[in-house]
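Chemist: Have a look at this one.
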Ligand code: GTP
Ligand code: MG
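Residue numbers (the working numbering): 1 to 446.
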């Protein structure tokens, strides 16, 4: 009988890995972690439990929510908001001994008297702001909403290479690229853009390199979000180090399966067993030791084990059955961005779904633009990027941040509008934070 990986099942059911593992354990089905496998029969049993779960009826809650009125309002405005005739409010006020006209401003005291009679609650200004911004968000959402078009197609896995500084992430990628890169086919020059595509046994795999230095913690955190599989590089002569642990935590919190590459096996002091031992302290138990974690000993220098590593990546990604809609409008994530002399803002993006074309209007983080040109990972000019392709795009107004998402929108005017709204919001947010900080300082000084 075939086996089912827990993280895959969790994904299908739309539940948390941990929640699923806990439920399995409650049912006495053995499951160590999200990488464990269970039988199809066991999967069916647990599926029923989750499918039978009563959906929470948010709509009903909504309808029970009372209308919020934010003072100051006039009698006329209140009547309009409550969708009633203003004379009924005036009559009520007269019965309370208050002579009021339609333009009369109602203070909080009077409003609270009316609230119980007309069944509304009194809000404050910040609530009104929130309502306004929710409204804006809804409009943006509407513009960005993009129903899948056309048929879905299998897509390449996105694999992030993570690990402690100097453990050999870039070297492993170089070793992979050297033997398997598309570069050799197309004869182009590899530009180092931190993202590359390779073909292994007819399967395309997209790799993202991440720097191991602590300063890049945030970038690694983002890396784990765009990724399908994480290769955790651990040097066999150095073992599990702080950024190794951090990478493990990122991958786990993003529910991304981990494949461990125990690197630098060519070194005489290499000690893979020590690495495996240290990994068990972080709940990664290698398969040879009865666990579910795939550990591949490799050397980026001698290239030993590189094929096995690619084999494992292909295996894990096949289990994920990754899909995308190439006919959709393009969307994805910014990997890095910089200002280049003579080229303007240049962003390396990963097109994760849909297709991106030269001439498309895009919204990218807080900035926008028309895609003027696109350059592939092997330095070739291209006009179309399908999922999953890393490309450099030219034509943005400003430099986005690594980790920002991008999205093709109907036209540049809309892109500009939404980008400006987003910028404005960010400014307000910053101001609010600064004010809070300065108040804290103020109290500290007292
Ligand atoms: P950061 O990006 O700075 O975090 O480092 P990295 O993890 O990308 O490591 P990088 O590939 O730059 O390698 C660091 C050093 O280890 C270099 O001097 C490499 O030559 C060396 N190195 C990488 N892999 C191997 C290996 O398999 N064997 C040996 N002997 N040395 C290696
Ligand atoms: Mg590196």
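We treat Cβ as the ideally placed atom computed from N, Cα and C, and that holds for glycine.
Do you know whose CA, among 357, 417, 431 and 351, lies nearest residue 405's CA?
Modeler: Indexing the chain shown from 1 puts residue 405 at position 405. Answer by Cα proximity: 351.
Chemist: Kindly confirm or deny that the region 254-270 and the region 285-305 touch, where touching means at least three C-beta pairs closer than 8 Å.
Modeler: Enough Cβ pairs lie closer than 8 Å, so yes.
Chemist: Specify whether the region 153-163 and the region 241-259 touch according to this definition: at least 3 beta carbon pairs, one from each stretch, less than 8 Å apart.
Modeler: The answer is yes - the region 241-259 touches the region 153-163, with three or more Cβ pairs under 8 Å.
Chemist: Considering residue 76, what are the terminal residues of the beta strand (DSSP E) in which it resides?
Modeler: As a position in the chain shown, residue 76 is number 76, starting the count at 1. No beta strand (DSSP E) holds residue 76; the alpha helix (DSSP H) holding it covers 75-82.
Chemist: Drop a sphere of 10 angstroms on the beta-carbon of residue 424, count the other beta-carbons inside from all chains shown, and report buried for 16 or more, exposed for fewer.
Modeler: Looking up residue 424 in the chain shown gives position 424. When all chains shown are included, residue 424 counts as exposed.
Chemist: Could you check if residue 99 is buried or exposed, using at least 16 other CB atoms within 10 Å of its CB as the buried criterion?
Modeler: The residue labelled residue 99 in the question sits at position 99 within the chain shown. Burial call: exposed.
Chemist: Around the C-beta of residue 153, are 16 or more other C-beta atoms found within 10 angstroms, so that it is buried, or is it exposed?
Modeler: Counting from one through the chain shown, the residue named residue 153 turns up at place 153. Exposed, by the Cβ-count rule.
Chemist: Whole angstroms is fine: what's the gap from residue 32's alpha carbon to residue 227's?
Modeler: Residue numbering aside, residue 32 sits at position 32 when the chain shown is read from its first letter. Residue numbering aside, residue 227 sits at position 227 when the chain shown is read from its first letter. C-alpha separation (whole angstroms): 23 Å.
Chemist: For the ligand GTP, I want to know if residue 231 counts as a neighbour, meaning its beta carbon is within less than 7 Å of at least one of the ligand's heavy atoms.
Modeler: Start at 1 with the first residue of the chain shown, and residue 231 comes out as number 231. Every heavy atom of the ligand GTP is 7 Å or more from the Cβ of residue 231, so no.
Chemist: Of the choices 282, 339 and 67, whose alpha-carbon is the least far from that of residue 400?
Modeler: If you number the chain shown from 1, residue 400 lands on position 400. Nearest option by C-alpha distance: 339.
Chemist: Distance, Cα to Cα, residue 344 vs residue 397?
Modeler: Counted from its first residue, the chain shown places residue 344 at position 344. Counted from its first residue, the chain shown places residue 397 at position 397. Cα to Cα, the separation comes out at about 8 Å.
Chemist: Look at the alpha carbon of residue 407 and the alpha carbon of residue 202, and state the distance between them as a whole number of angstroms.
Modeler: Reading the chain shown from its first residue, position 407 is the one you call residue 407. Reading the chain shown from its first residue, position 202 is the one you call residue 202. Their Cα atoms are separated by approximately 29 Å.
Chemist: Is it true that the region 66-83 meets the region 318-338, where meeting means three or more beta-carbon pairs spaced less than 8 Å apart?
Modeler: No, the region 66-83 does not touch the region 318-338.
Chemist: Helix, strand or coil: how does DSSP classify residue 319 here?
Modeler: Position 319 of the chain shown holds residue 319. Three-state result, residue 319: helix.
Chemist: Hey, would you say the C-beta of residue 301 is under 7 Å away from at least one heavy atom of the ligand GTP?
Modeler: Reading the chain shown from its first residue, position 301 is the one you call residue 301. Correct: residue 301 has its Cβ closer than 7 Å to the ligand GTP.
Chemist: Reducing DSSP to helix, strand and coil, say where residue 422 ends up.
Modeler: The sequence position of residue 422 within the chain shown is 422, counting from 1. Of the three classes helix, strand and coil, the one that applies to residue 422 here is helix, per DSSP.
Chemist: Is residue 391 closer than 8 Å to residue 157 when the C-beta atoms are compared?
Modeler: As a position in the chain shown, residue 157 is number 157, starting the count at 1. As a position in the chain shown, residue 391 is number 391, starting the count at 1. Contact: no.
Chemist: Residue 238 and residue 282 - do their beta-carbons sit closer together than 8 Å?
Modeler: Position 282 of the chain shown, counted from the first residue, corresponds to residue 282. Position 238 of the chain shown, counted from the first residue, corresponds to residue 238. In this structure, residue 238 does not lie closer than 8 Å to residue 282 by Cβ.
Chemist: Compare the Cα-Cα distances from residue 367 to each of 88, 417 and 321 and report the closest residue.
Modeler: Locating residue 367 in the chain shown gives position 367, where the first residue counts as 1. Of the listed residues, the one whose Cα sits closest to residue 367 is 417.
Chemist: Just the C-alpha distance for residue 186 and residue 8, rounded to the nearest angstrom, thanks.
Modeler: Sequence index remark: in the chain shown, residue 186 carries index 186 (1-based). Sequence index remark: in the chain shown, residue 8 carries index 8 (1-based). Here residue 186 scores only 39 on pLDDT, less than 50, and its place in the model should not be relied on; the value that follows carries that caveat. Each residue's Cα considered, the two are about 35 Å apart.
Chemist: Check for me: the alpha helix (DSSP H) holding residue 280 runs from which residue to which?
Modeler: Walking along the chain shown from the start, residue 280 turns up at place 280. Where residue 280 is concerned, the enclosing alpha helix (DSSP H) stretches over 272-280.
Chemist: Would you mind sorting residue 116 into buried or exposed? The rule is 16 or more other CB atoms within 10 Å of its CB.
Modeler: In the chain shown, the residue the question calls residue 116 occupies position 116. It is exposed - the Cβ of residue 116 has fewer than 16 other Cβ atoms within 10 Å.
Chemist: Heavy atom of the ligand MG less than 7 Å from the Cβ of residue 37, yes or no?
Modeler: Taking the chain shown and counting its residues from 1, one reaches residue 37 at position 37. Checking every heavy atom of the ligand MG against the Cβ of residue 37, none is found closer than 7 Å.
Chemist: Taking 7 Å as the cut-off, is the CB of residue 171 close to at least one heavy atom of the ligand GTP?
Modeler: For this step, residue 171 is matched to residue 171 along the chain shown. Indeed, a heavy atom of the ligand GTP lies less than 7 Å from the Cβ.
Chemist: Less than 6 Å between C-beta atoms, sequence neighbours within five positions excluded: which residues of the same chain meet that for residue 121?
Modeler: If you number the chain shown from 1, residue 121 lands on position 121. Answer for residue 121: 66 and 68, listed in chain order.
Chemist: Measuring CB atoms only, is the region 3-18 touching the region 38-46, in the sense that at least three cross pairs come out at less than 8 Å?
Modeler: At 8 Å Cβ cutoff, the stretches touch.
Chemist: In the DSSP assignment, what residue or residues form a beta bridge with residue 407?
Modeler: Position 407 of the chain shown holds residue 407. In the DSSP output, where bridge partners are listed per residue, residue 407 has 331 and 363.
Chemist: Measuring from the CB of residue 165, is there a heavy atom of the ligand GTP at a distance below 7 Å?
Modeler: If you number the chain shown from 1, residue 165 lands on position 165. Checking every heavy atom of the ligand GTP against the Cβ of residue 165, one is found closer than 7 Å.
Chemist: Between the C-alpha atoms of residue 189 and residue 304, what's the straight-line distance to the nearest angstrom?
Modeler: On the chain shown, residue 189 is found 189 positions in, with the first residue counted as 1. On the chain shown, residue 304 is found 304 positions in, with the first residue counted as 1. With a pLDDT of 35 at residue 189, under the threshold of 50, the predicted position of this residue should be treated as unreliable, though the coordinate-derived value follows. Computed Cα separation, rounded: 25 Å.
Chemist: Report buried or exposed for residue 112, applying the criterion of at least 16 other Cβ atoms within 10 angstroms of its Cβ.
Modeler: Sequence index remark: in the chain shown, residue 112 carries index 112 (1-based). Under this definition residue 112 is an exposed residue.
Chemist: I'd like the list of long-range same chain contacts for residue 102, defined as Cβ closer than 6 Å, with 5 residues on each side in sequence excluded.
Modeler: Position 102 of the chain shown, counted from the first residue, corresponds to residue 102. Within the same chain, residue 102 has close Cβ partners 75, 76 and 86.
Chemist: In three-state DSSP terms, what is residue 155?
Modeler: As a working mapping, residue 155 is identified with position 155 in the chain shown. Note: residue 155 maps to coil in three-state DSSP.
Chemist: Just to check my reading of the structure: residue 72 and residue 25 have Cβ atoms closer than 8 Å, yes? What is that Cβ distance to the nearest angstrom?
Modeler: The residue you call residue 72 lines up with position 72 of the chain shown. The residue you call residue 25 lines up with position 25 of the chain shown. Actually they do not touch by this definition, with Cβ atoms about 57 Å apart.
Chemist: If you drop the 5 nearest sequence neighbours on each side, which residues of the same chain put their C-beta closer than 6 Å to that of residue 395?
Modeler: As a first step, residue 395 must be located in the chain shown, where it is residue number 395. Only 369, 370, 371 and 372 meet the Cβ criterion.
Chemist: Using 10 angstroms around the beta-carbon of residue 231, count the other beta-carbons present and answer buried if the total reaches 16, otherwise exposed.
Modeler: By one-based count along the chain shown, residue 231 stands at place 231. Residue 231 comes out buried.
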